[in-house]
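Visitor:
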Amino acid sequence: MIKSKNTFLPDFSHIYVESEAKKYNLTRDCLERFPNARIVEISDYKSFFNKKSQDFQTQKKSIKLILAVKKPPFIYKSTDILQDGGFKNFYYNTPILNCLYNCDYCFLQGMYSSANIVVFVNQNDLEDAVEKELLIRAFPREPLVLSISYNTDLMAFENILPITRSWINFANKKSDLIIEVRTKSSLFSSLSDLKPSNKIIFSWTLSPERIVRMNEFDTPTLERRLSSIQLAISKGWKIRLCFDPVIIYDNWEEDYSNLLNKIINSLEKKNIYDITVGVFRMGRDYFQRIRKTNPDSLEYYKNYIDENKIMTISQEERDNVKTLFTNKLRDYISEDKIHFWI
Amino acid sequence: MNFLLLTALKVEANPLIRIFNLKKDLKTQLFIHKNISLLITGIGKDKTKAKLKSIIDLKINWGETIIINIGIAGGENNKTKIGSMYFINKIIDDETGNIFLPDILIKHNLEEITLTTVQNSVTNESSKYTGLVDMEASTIFELFSSYITSHRLVFLKIVSDHMDILDWRSIDAESLIQKKIEIISKIINSYNTKNLSSRIILDNSEINLLKKYSEKFQLTKTQSIQLIFLSENYKKNNGLIIDLDLYFRGTPKSKQERNKVFDKIKKHLST
Chain A
4 MIKSKNTFLP DFSHIYVESE AKKYNLTRDC LERFPNARIV EISDYKSFFN
54 KKSQDFQTQK KSIKLILAVK KPPFIYKSTD ILQDGGFKNF YYNTPILNCL
104 YNCDYCFLQG MYSSANIVVF VNQNDLEDAV EKELLIRAFP REPLVLSISY
154 NTDLMAFENI LPITRSWINF ANKKSDLIIE VRTKSSLFSS LSDLKPSNKI
204 IFSWTLSPER IVRMNEFDTP TLERRLSSIQ LAISKGWKIR LCFDPVIIYD
254 NWEEDYSNLL NKIINSLEKK NIYDITVGVF RMGRDYFQRI RKTNPDSLEY
304 YKNYIDENKI MTISQEERDN VKTLFTNKLR DYISEDKIHF WI
Chain B
1009 MNFLLLTALK VEANPLIRIF NLKKDLKTQL FIHKNISLLI TGIGKDKTKA
1059 KLKSIIDLKI NWGETIIINI GIAGGENNKT KIGSMYFINK IIDDETGNIF
1109 LPDILIKHNL EEITLTTVQN SVTNESSKYT GLVDMEASTI FELFSSYITS
1159 HRLVFLKIVS DHMDILDWRS IDAESLIQKK IEIISKIINS YNTKNLSSRI
1209 ILDNSEINLL KKYSEKFQLT KTQSIQLIFL SENYKKNNGL IIDLDLYFRG
1259 TPKSKQERNK VFDKIKKHLS T
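Protein sequences appear in the order of chains A and B.
Positions 4 to 345 (my numbering) are the ones given, in order, by the first sequence.
Positions 1009 to 1279 (my numbering) are the ones given, in order, by the second sequence.
Right, dumping it as structure tokens:
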């Protein structure tokens, strides 16, 4: 028997549609977007997404799409691991579960047993929940900040379904609502016709090209991300820069110094809203679950410390990260605009 | 990869036995040649379950095995064509209502369809079922999904009737399978890729060796887990497991001595 060549089906060869989801516009739009996909009707997305005996990394070779109706809760308060950027009323929601990218340090591999992508098509229910939360938020004098890309990279999906655009339009109509769109995407061009708004924080995660190549599989190159940021800045948007996680390896200081030099020289500081810096940190349960699947990545086979059930790098390494970023960014942005999560 | 082909009937198996030159192993009742094995399960969920259980304990490397259930099925009159082969993308157990969804990751050119696994053969209720009807698939999926990831469970069904035949023995199942044998062969071939196998770090012999060390040194549970954890790190980073025999030659005379040696091992494995 001859050994086969790569014979994996393309992503979204199959779309699994909850019976309840069929009536929603997003479902119709999505099925129109993929006219050749095989449609499998299911009663509950969990019967496919949460089934046992799945292999996350093998599924990544042929990702399927699941269209489902989200049940409550539609909005969540922030967790300790999630960066709140200094905001008091910080929330996240999950318009999409899972990501088109496959960053090896990403917690999603540990959070979900499936690599398939769930799109919740009842956008109105998610929006209604935000409206209600706006009225009962703990700190009424402070805005409600909502991260819409916590369990996905929503902007990466923009050419498939314009969900980021919908949320931006929604936020623009609400007072006291700020939306954070965290991304590694280079698809800002698909939103560049929108009028700049101070209610939206586009947050680009940036890493040295070596990390992009070795750890952030299927993501745009550093250059393409920088081009997208430059386009956003040129249109008048304020940008958050995220260096999270900063990965430690031989010569990491040199690579990150070069990256920061490049940013300082190419992105005007007045357009930078703030900067967040983090290091590898992951709940022990997720970490162990990912490790068991033996991903190709070596990130899960390093000597981490277990700090209150969070796997992370040593204090000394964390201090080194803080020192490097503080020193490099001192003349670029004021210290109170750098948020460290280390 | 290894392949375990499952058919309900001997007549369904015959074309597969011939093309893959399979020989019966009297001990296991499997027909085997090289990396392909075949098991005849019998008809119905109970017989299938019993037969599958009989091979579960055999030393089969399930992490490297693709299960392919091949057989005839009744088809919905308006939607299926007699003699056509379908790739199953959803299995409904008629008795329990449970739904099983294989992960279809590998390219194929067949039409896909839903299959319902029923308790008794269907001869006059065709309107009740959509897609195809068989009597084994849900049992196969349910039982093997404890051992095999669902992208390595494949179900191929050839329509033999439109659920209107009183005696299934009148169906020429062998001929129906024979006519599709080339396509079946191609599908098996397309699944013969290492990309589909389970990824393990330490193999069974390495884990057994570490367990032996743990027992000999009466390591605590935490130490035993650490030994495996650090050995995995070492192999992942260096490509092979470290030879720890030097540390485990003697037997420690006290817990203190054991802990001292174990600290040295940890240091060695962490370098």
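Think of the CB as a built atom: it goes at the ideal place given N, C-alpha and C, for glycine as much as any other residue.
1) From what residue to what residue does the beta strand (DSSP E) around H1041 of chain B run?
2) Determine the extent of the beta strand (DSSP E) in which D1101 of chain B is found, giving its start and end residues.
3) How would you label R216 of chain A, buried or exposed, when you count the other beta carbons within 10 angstroms and need 16 or more for buried?
4) N1012 of chain B to F59 of chain A, Cα distance in whole Å?
5) Three Cβ pairs or more, each shorter than 8 Å: is that satisfied between the stretch 1022-1030 of chain B and the stretch 1056-1065 of chain B?
6) Sorted by chain position, which residues of the same chain lie with C-beta nearer than 7 Å to K1089 of chain B's C-beta, five sequence neighbours on each side aside?
7) Under 9 Å, CB to CB, which of the residues in the stretch 50-65 of chain A have a partner in chain B?
8) Taking the runs of the beta strand (DSSP E) that are 3 residues or longer, which of them lie wholly in the stretch 242-273 of chain A?
9) Are there 16 or more other CB atoms within 10 angstroms of the CB of D334 of chain A, so buried, or fewer, so exposed?
10) Where does the unbroken beta strand (DSSP E) through M314 of chain A begin, and where does it stop?
11) Can you tell me the Cα-Cα spacing of N1245 of chain B and F90 of chain A, whole angstroms?
12) Does I1040 of chain B have its Cβ less than 7 Å from a Cβ in chain A?
13) Give the interface partners of N1245 of chain B over in chain A, defined as CB-CB distance under 7 Å, in chain order.
14) What residue ranges within the stretch 178-237 of chain A form continuous alpha helix (DSSP H) runs of no fewer than 4 residues, ordered along the chain?
15) Sorted by chain position, which residues of the same chain lie with C-beta nearer than 6 Å to M314 of chain A's C-beta, five sequence neighbours on each side aside?
16) For a contact defined as C-beta to C-beta under 8 Å, what are the partners of T296 of chain A on chain B?
17) Between I1040 of chain B and the rest of its own chain, which residues show a CB-CB distance below 7 Å, the 5 nearest in sequence each way excluded?
18) Can you pull the DSSP bridge partners for G286 of chain A?
19) Give the C-beta separation of L1017 of chain B and A1145 of chain B to the nearest angstrom, bearing in mind that I take them to be a contact with Cβ-Cβ under 8 Å.
20) When the Cα atoms are used, what is the spatial distance from E1103 of chain B to Q62 of chain A?
21) Report yes if the C-beta distance between E23 of chain A and Y48 of chain A is below 7 Å; otherwise report no.
22) Taking Cβ-Cβ distances shorter than 9 Å, what residues in chain B pair up with V72 of chain A?
23) For E1190 of chain B, would you say it is in contact with chain A, using Cβ-to-Cβ distances shorter than 7 Å as the test?
24) Taking all protein chains shown into account, decide if P1110 of chain B is buried (16 or more other Cβ within 10 angstroms of its Cβ) or exposed.
25) For chain A, is any of its Cβ atoms less than 7 Å away from the one on H1159 of chain B?
26) Can you find a CB in chain A that lies within less than 7 Å of the CB of I1215 of chain B?
27) Apart from the five residues on each side of it in sequence, which residues of its chain come closer than 7 Å, Cβ to Cβ, to S390 of chain A?
28) Specify, as a first and last residue, the run of the alpha helix (DSSP H) that N1267 of chain B falls within.
29) For Y153 of chain A, which of helix, strand or coil comes out of DSSP?
30) Shortest alpha-carbon distance to T1125 of chain B belongs to which of B:N1132, B:D1142 and B:F1163?
31) For I316 of chain A versus F283 of chain A, is the C-beta distance shorter than 7 Å?
32) Along the chain, where does the beta strand (DSSP E) containing L1047 of chain B start, and where does it finish?
33) Pick out whichever of B:I1173, B:S1154, B:G1050 and B:A1021 has its Cα sitting closest to the Cα of E1084 of chain B.
34) Is it right to say S65 of chain A is buried, meaning 16 or more other beta carbons lie within 10 angstroms of its own, or is it exposed?
35) Relative to the C-alpha of F191 of chain A, which candidate in A:K295, A:E161, A:S178 and A:A141 has its C-alpha closest?
36) Taking the beta carbon of E1265 of chain B as the centre, do at least 16 other beta carbons fall within 10 Å, making it buried, or is it exposed?
Guide: Let me lay it out:
1) First-last of the beta strand (DSSP E) with H1041 of chain B: F1039 to H1041.
2) Segment M1093 to D1101, the beta strand (DSSP E) holding D1101 of chain B.
3) It counts as exposed.
4) Note on identity: in this sequence residue 1012 of chain B is Leu, with Asn being the wrong assignment. Going from the Cα of L1012 of chain B to the Cα of F59 of chain A covers about 23 Å.
5) Short answer: they don't touch.
6) Here the set comprises V1167.
7) So the list reads S50, F51, K54, K55, S56, Q57, D58, Q60, T61, Q62, K64 and S65, given in the order they occur along the chain.
8) List check, beta strand (DSSP E) in window: 242-249.
9) So D334 of chain A ends up on the exposed side.
10) DSSP places M314 of chain A in the uninterrupted beta strand (DSSP E) bounded by I313 to T315.
11) Taking the Cα positions, N1245 of chain B is about 40 Å away from F90 of chain A.
12) By this cut-off, I1040 of chain B is not an interface position.
13) The CB of N1245 of chain B comes closer than 7 Å to the CB of L301 and Y304 in chain A, given here in chain order.
14) Entirely contained in the stretch 178-237 of chain A, the alpha helix (DSSP H) runs reaching 4 residues are, in chain order, 212-218 and 225-237.
15) Short of 6 Å from the beta carbon of M314 of chain A, and not among the five residues preceding or following it, lie these beta carbons of its own chain, in chain order: M285, R287, F290 and Y307.
16) Neighbourhood of T296 of chain A in chain B, by CB distance below 8 Å: R1207, in chain order.
17) Within the same chain, I1040 of chain B has close Cβ partners L1030, K1031 and D1033.
18) Beta-bridge partners of G286 of chain A (DSSP): A:I313.
19) That pair is no contact at about 14 Å.
20) Rounded to whole angstroms, E1103 of chain B to Q62 of chain A spans 30 Å at the Cα level.
21) Contact: no.
22) Neighbours of V72 of chain A on chain B: none; closest Cβ ~17 Å, over 9 Å.
23) False, the Cβ-Cβ gap to chain A never drops below 7 Å.
24) Buried, by the Cβ-count rule.
25) By this cut-off, H1159 of chain B is an interface position.
26) Contact with chain A is absent for I1215 of chain B, since none of that chain's Cβ atoms lies less than 7 Å from the residue's Cβ.
27) It is not possible to answer for residue 390 of chain A, since the shown part of chain A is limited to 4 through 345.
28) For N1267 of chain B, the enclosing alpha helix (DSSP H) covers residues K1263 to S1278.
29) When DSSP states are grouped into helix, strand and coil, Y153 of chain A belongs to the coil group.
30) If you compare the alpha carbons of B:N1132, B:D1142 and B:F1163 with that of T1125 of chain B, the shortest gap goes to B:D1142.
31) Less than 7 Å separates the beta-carbon of I316 of chain A from that of F283 of chain A.
32) Segment I1044 to I1048, the beta strand (DSSP E) holding L1047 of chain B.
33) Taking E1084 of chain B as reference, the option from B:I1173, B:S1154, B:G1050 and B:A1021 with the minimal CA-CA separation is B:I1173.
34) Around the beta carbon of S65 of chain A, 16 or more other beta carbons lie within 10 angstroms, which makes this residue buried.
35) Nearest C-alpha to F191 of chain A among A:K295, A:E161, A:S178 and A:A141: A:E161.
36) Under this definition E1265 of chain B is an exposed residue.
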